[in-house]
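As you go down the protein sequences, you meet chains A, B and C in turn. Going by the numbering used here, the first sequence opens with residue 1, and the numbers climb by one from there. Going by the numbering used here, the second sequence opens with residue 295, and the numbers climb by one from there. Going by the numbering used here, the third sequence opens with residue 572, and the numbers climb by one from there. Positions of the beta carbon are idealized from the N, C-alpha and C atoms, including for glycine.
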Amino acid sequence: MPRSEPLVGLLFILPTVVLVGVIVFYPIVETALMSFSTVNSLAQREGFAGLANYEALLSDTVFLRVLAQTVFWTVAVVGITTVVSIPVALALNLNFRGRRLARALLIVPWAASLMINAIIWRWILDGQHSIINGTLMRLHLIDQPIIWLGSEQTAWAAIILVGILVSIPFTSFSLLAGLQSVPSELYEAAMVDGAGFWASFWHVTLPLMRPVLIVTTLLNVIYVFNSFPIPWVLTQGSPAYRTDILVTYIYKRAFAEGQFGPAAAMAMLIFVLLLAFSLTFSHITKERAKVGIK
Amino acid sequence: MRRHERGLSWWLLLAFLALVVAVSIFPFAFALSTSLRPRAELFSFPPTWFPKTWAWENFVTVWSAVPLLRYVLNSLVVSVLATLLNMAFAIPAGYALARLNFPGKRLFRQALLVTQMFSPVVLLIGLFRFMNQVHLLDNNASLVITYAALSLAFSVWFLAGYFESIPIEIEEAAMMDGCTRVGALVRVVLPMSKPALVASGVFAFIWAWNEFMIALTFISTPDNRTLPLGIYSFLGQYSVEWNYLMAAALIAIVPVLILFLLIEKNLVKGLTAGAVK
Amino acid sequence: MMKSPFARSGRRARRALALALAVATVASLAACGSSNDSASGGEVELRFLFPEYSAKTTPLMKTVVDDFNAANKGEIKVNLETAPWDKMHDKLAVSMGSDQAPDVFGYATRWISEFAGLKQLAPLDDVLTSDFREGFNQKVLEAGVYEGKTYGLPVAVSARLLFYRTDVLEKAGLSAPKTWDDLMEAATETANPPELYGLGVPASGIEVDTFFNYFLYNNGGDILDSDGKSMLSEPESVEALEFLTDLVKSGGSQPEPSGFTREQVIENFKAGQLAMYPTGPWLTAMIKADNPSLEFDAVPFPTNDGKEQQTVSVTDSLGMSASGAHQAEAWKFIEFMYQPKYRQVFDETEGMLPELNAVAESAYYQTPEYKPFIDALSTAKFQPQHPKFEQIQQIETVAIQKALSGLASPQEALDEATAKIDKL
Numbered sequence: 001m002p003r004s005e006p007l008v009g010l011l012f013i014l015p016t017v018v019l020v021g022v023i024v025f026y027p028i029v030e031t032a033l034m035s036f037s038t039v040n041s042l043a044q045r046e047g048f049a050g051l052a053n054y055e056a057l058l059s060d061t062v063f064l065r066v067l068a069q070t071v072f073w074t075v076a077v078v079g080i081t082t083v084v085s086i087p088v089a090l091a092l093n094l095n096f097r098g099r100r101l102a103r104a105l106l107i108v109p110w111a112a113s114l115m116i117n118a119i120i121w122r123w124i125l126d127g128q129h130s131i132i133n134g135t136l137m138r139l140h141l142i143d144q145p146i147i148w149l150g151s152e153q154t155a156w157a158a159i160i161l162v163g164i165l166v167s168i169p170f171t172s173f174s175l176l177a178g179l180q181s182v183p184s185e186l187y188e189a190a191m192v193d194g195a196g197f198w199a200s201f202w203h204v205t206l207p208l209m210r211p212v213l214i215v216t217t218l219l220n221v222i223y224v225f226n227s228f229p230i231p232w233v234l235t236q237g238s239p240a241y242r243t244d245i246l247v248t249y250i251y252k253r254a255f256a257e258g259q260f261g262p263a264a265a266m267a268m269l270i271f272v273l274l275l276a277f278s279l280t281f282s283h284i285t286k287e288r289a290k291v292g293i294k
Numbered sequence: 295m296r297r298h299e300r301g302l303s304w305w306l307l308l309a310f311l312a313l314v315v316a317v318s319i320f321p322f323a324f325a326l327s328t329s330l331r332p333r334a335e336l337f338s339f340p341p342t343w344f345p346k347t348w349a350w351e352n353f354v355t356v357w358s359a360v361p362l363l364r365y366v367l368n369s370l371v372v373s374v375l376a377t378l379l380n381m382a383f384a385i386p387a388g389y390a391l392a393r394l395n396f397p398g399k400r401l402f403r404q405a406l407l408v409t410q411m412f413s414p415v416v417l418l419i420g421l422f423r424f425m426n427q428v429h430l431l432d433n434n435a436s437l438v439i440t441y442a443a444l445s446l447a448f449s450v451w452f453l454a455g456y457f458e459s460i461p462i463e464i465e466e467a468a469m470m471d472g473c474t475r476v477g478a479l480v481r482v483v484l485p486m487s488k489p490a491l492v493a494s495g496v497f498a499f500i501w502a503w504n505e506f507m508i509a510l511t512f513i514s515t516p517d518n519r520t521l522p523l524g525i526y527s528f529l530g531q532y533s534v535e536w537n538y539l540m541a542a543a544l545i546a547i548v549p550v551l552i553l554f555l556l557i558e559k560n561l562v563k564g565l566t567a568g569a570v571k
Numbered sequence: 572m573m574k575s576p577f578a579r580s581g582r583r584a585r586r587a588l589a590l591a592l593a594v595a596t597v598a599s600l601a602a603c604g605s606s607n608d609s610a611s612g613g614e615v616e617l618r619f620l621f622p623e624y625s626a627k628t629t630p631l632m633k634t635v636v637d638d639f640n641a642a643n644k645g646e647i648k649v650n651l652e653t654a655p656w657d658k659m660h661d662k663l664a665v666s667m668g669s670d671q672a673p674d675v676f677g678y679a680t681r682w683i684s685e686f687a688g689l690k691q692l693a694p695l696d697d698v699l700t701s702d703f704r705e706g707f708n709q710k711v712l713e714a715g716v717y718e719g720k721t722y723g724l725p726v727a728v729s730a731r732l733l734f735y736r737t738d739v740l741e742k743a744g745l746s747a748p749k750t751w752d753d754l755m756e757a758a759t760e761t762a763n764p765p766e767l768y769g770l771g772v773p774a775s776g777i778e779v780d781t782f783f784n785y786f787l788y789n790n791g792g793d794i795l796d797s798d799g800k801s802m803l804s805e806p807e808s809v810e811a812l813e814f815l816t817d818l819v820k821s822g823g824s825q826p827e828p829s830g831f832t833r834e835q836v837i838e839n840f841k842a843g844q845l846a847m848y849p850t851g852p853w854l855t856a857m858i859k860a861d862n863p864s865l866e867f868d869a870v871p872f873p874t875n876d877g878k879e880q881q882t883v884s885v886t887d888s889l890g891m892s893a894s895g896a897h898q899a900e901a902w903k904f905i906e907f908m909y910q911p912k913y914r915q916v917f918d919e920t921e922g923m924l925p926e927l928n929a930v931a932e933s934a935y936y937q938t939p940e941y942k943p944f945i946d947a948l949s950t951a952k953f954q955p956q957h958p959k960f961e962q963i964q965q966i967e968t969v970a971i972q973k974a975l976s977g978l979a980s981p982q983e984a985l986d987e988a989t990a991k992i993d994k995l
């Protein structure tokens, strides 16, 4: 039951408001202004452009394709990560020898940056020197190397796999935390009642994990949607934008092509999409959220 | 209760965990193997799991190939200061969200979420211009401030969630004893929130430790580089020095890993109350 | 738990104090301000931003800067800044756009039209003495001229030749390819996958367009005409891309070129896994260092059907900011940097061609390995100047990727590129 102390409250959030306001909202305003301006290749605003940058997006077939790819990437990574992380969290919650080791190893991809994860995978998936090919060839499963990052399909499979692997630690640890807040009496009651493992999972564990599932899914969607290093380091969108996602495409448009206006319009559109998603998501799940949306 | 679990499902879960752990750790195992190869052996075909010659000296050479120690120190200073700044701001804000009513509370929550919806890539231009105006370009203080700000949203929610889980009666007792609001926060709430403070601090630290794009944009003088920038310099124009790159990357992971392991228990506890509610 | 917090309050307070101190430290760091303010007395401070070609670049340039600073103590102090080469355009564009351009900087010569058009580059003609001018390879110096003015002095010069494995071609009974028919034959005949592929074809990452230029130029084609309109739909261009696509389809290269970057293909040639690959002199230096037993040679890129031979050549430039407050001092530094001893070390270490005649005449560059590259500069064709060339490169790259991965026919892909370029 929060107490009404408006002055103290405002004072307490003041530092955060100032810092975030300056560091985050100032650039957001700059981006928003650019999206309505003609902008030169040095990112200087030169004049008002109305909605021209936004209109240009709608006729940009590459943008529409990349948008679809981004949705696909986000759904695939977040979906599979969640499905994989639930049993991982359940297993981490068991009492077994080596649990500490398992937890420590699982943390490793989290401790390394996205960029380092991506760079290591680029080396592992190297056209000629991929250790995966080396192993498959030694086992006589293939006789020619598979150029993992060469075709659209295998490149997507690789990018998504890496996306999942770097998302698993945060997701499974959050779910583990959720599990540990499930009172064990409930578990035991289910067991004693003769409910098997799966039954108790469906009827007891999963419903109790719902709130934490919702929060981690929402956060994962936002982070994965905007995840730059993995597709960038692995393929740079090759071939022909087929493995780009919106952030990498924005980066190309803005920095490689000097098209800061349309790039800013895309950034604003991403923001609107994510906001709409967050609102709908929290509405559907009716969770009054930690994460800000009520 | 544990005894009940050792059925088929128990073993299946553990097998699945083992699989996921193996796949997660595999790239790092291979990175280690790569980091221990002499350069000539990197591109032998077909590729092998283990080096024929173990080039242990790579881990020595890498410190002199680039000023790695300098980069490590820069990263440490930036990350520690960013974490402290982040905590100093997140604690009162999180507490306000958990315990106090004030006008604009809902707006504040939502604005925090909004900050997470822009990729740093999108903010680069504006961030650069701001740092230029306050004369902080090429100064690591610009990184401290930016990192603290960008990881703040997460810390605030996280701490707010934890603070809410602390029984309010304890604070009320303290305040009746003559403590002020701030006194109650510092003397009662914070000591009880150690797991959450540790967990959110670790998040802020890792965020700062690993950030690349902003550092690349702000920092120009080689001596001011953070570790991710230093590692990137092994990705040359015409060739990548994979063995040194991997050695430097593994060196960069070690401090974070140690930190993680030290606080693993707190991490889960912190997440427990912070994320779920 | 309920009592202890009060008992330990002293320690808590100290921790809070530590926190406050940390915040104060950040604030004091912030107060240091930018390095430009701290110049003492009459000392002029200059910012010098240079791209990193490899991990060796920064220490190399640091030596030059330290020497200059020692020689000009109390008068000029140059601060070295570096950035990875592939991030240089970002870095320069963002700094220039915020009026924070470094005084002296390195950049790709093809950016001159963009930066000069935006009034960011200082023309150098007034300060270039004829003595200094004559020290350069004139053809290479010419690359930095835009609309009659010299904006950049050459650094990191390369001429691209076709590297090939002499032992492999000999074994197949072939000599160095001179025509495209020879090239096709050599690429398909020598291929013995997965150990050995014919011609290295990188279609991902940087310089995909440059790679296509080997074929385009040596078929009499070009990217842009004199009005800046696309020539990519001309028959010569389409024929060039069709040839390259056919070569890939006939097994004359590694499969799926979209999965290979330039750096990967270079490594493959160096490791002996490719019979041929066209690139610059750095590969010679790399082979000597990493795989000295490899038998190879480098020859001018084959031409199609008696067309004129053209050597793809790329240079970077060193220039001054148009808005720099200390241009005289900046120029003094540039002149200092162009002493043959500094350029010699740089060119050798980074595997570049000499921009200075004095370096070109040195023993190192007169060896059979390097002389062909220097000779090839006489038929050098540099990248065109167009204010939106970065965008054109992107469009060209996409067209090549589409054709090579079968997403479009060469004609369709290049027509699409032409439509886009002509709309810029």
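Coil, strand or helix - residue i by DSSP
| i | result |
| --- | --- |
| C:F872 | coil |
| C:M573 | Because C:M573 carries a pLDDT of 35, less than 50, the predicted location of this residue cannot be relied on, and the following value inherits that uncertainty. Reduced to three states, the DSSP call for C:M573 is coil. |
| B:R364 | helix |
| C:A951 | strand |
| C:T1003 | Outside the shown range of chain C, which is 572 to 995, sits residue 1003 of chain C, and nothing can be said about it. |
| C:V836 | helix |
| A:V18 | helix |
| B:R393 | helix |
| B:I460 | coil |
| A:Q69 | helix |
| A:G292 | Summary for A:G292: the model assigns pLDDT 42, below 50, so the residue's position carries little reliability, and this model does not support an answer. |
| C:V597 | Low confidence applies to C:V597: its pLDDT is 47, below 50, so where it sits in the model is not reliable, and the reading given next is rough at best. Helix, per DSSP. |
| C:I992 | helix |
Residue from the options whose Cα sits closest to the Cα of residue i
| i | options | result |
| --- | --- | --- |
| A:T31 | A:V62, A:A264, A:F277 | A:A264 |
| A:Y249 | A:T70, A:L7, A:F25, A:G47 | A:T70 |
| B:V438 | B:N368, B:Q404, B:M469 | B:N368 |
| C:N839 | C:G769, C:N790, C:E900 | C:G769 |
| C:F944 | C:L732, C:M659, C:P673 | C:L732 |
| B:V492 | B:A316, B:T347, B:G564 | B:G564 |
| C:N862 | C:G851, C:T882, C:I837, C:S829 | C:I837 |
| C:F734 | C:Q910, C:T855, C:I905 | C:T855 |
Limits of the beta strand (DSSP E) - the one that residue i falls within
| i | result |
| --- | --- |
| C:T850 | 845-850 |
| C:G877 | Careful: C:G877 lies outside any beta strand (DSSP E) and carries neither H nor E. |
| C:L889 | 882-891 |
| A:I132 | Counting along the chain, A:I132 falls outside any beta strand (DSSP E), though it belongs to the alpha helix (DSSP H) covering 131-138. |
Range covered by the alpha helix (DSSP H) that runs through residue i
| i | result |
| --- | --- |
| A:P207 | 206-225 |
| B:P579 | There is simply no residue 579 of chain B to check, as chain B begins at 295 and stops at 571 in what is shown. |
| C:F734 | Per DSSP, C:F734 belongs to no alpha helix (DSSP H); it is in the beta strand (DSSP E), 732-736. |
Distance between beta carbons of residue j and residue i, contact taken as under 8 Å
| i | j | result |
| --- | --- | --- |
| C:K903 | C:I647 | 7 Å |
| C:G884 | C:A951 | Rather than Gly, the amino acid found at residue 884 of chain C in this sequence is Ser. With a Cβ gap of about 4 Å, C:S884 and C:A951 count as contacting. |
Item checked: Near-chain B residues of the region 842-874 of chain C - C-beta to any C-beta below 7 Å -> A842, Q844, W853, M857, D861, N862
Note to self: Residues of the region 107-131 of chain A in Cβ contact with chain C at a cutoff of 7 Å, in chain order, please.
What the structure shows: D126, G127, Q128
Next item on the list: For the region 675-696 of chain C, enumerate the residues whose C-beta is nearer than 7 Å to any C-beta of chain A, in chain order.
Entry: E685, L689
Check: Relative to chain B, which residues along the region 77-91 of chain A have a C-beta separation below 9 Å, given in chain order?
Finding: V84, S85, P87, V88, L90, A91
Check: Got a sec: which bits of the region 147-159 of chain A sit with their beta carbon under 7 Å from any beta carbon on chain B, in order along the chain?
Finding: none
Check: For the region 50-68 of chain A, which residues have a CB atom closer than 7 Å to at least one CB atom of chain C, in sequence order?
Finding: none
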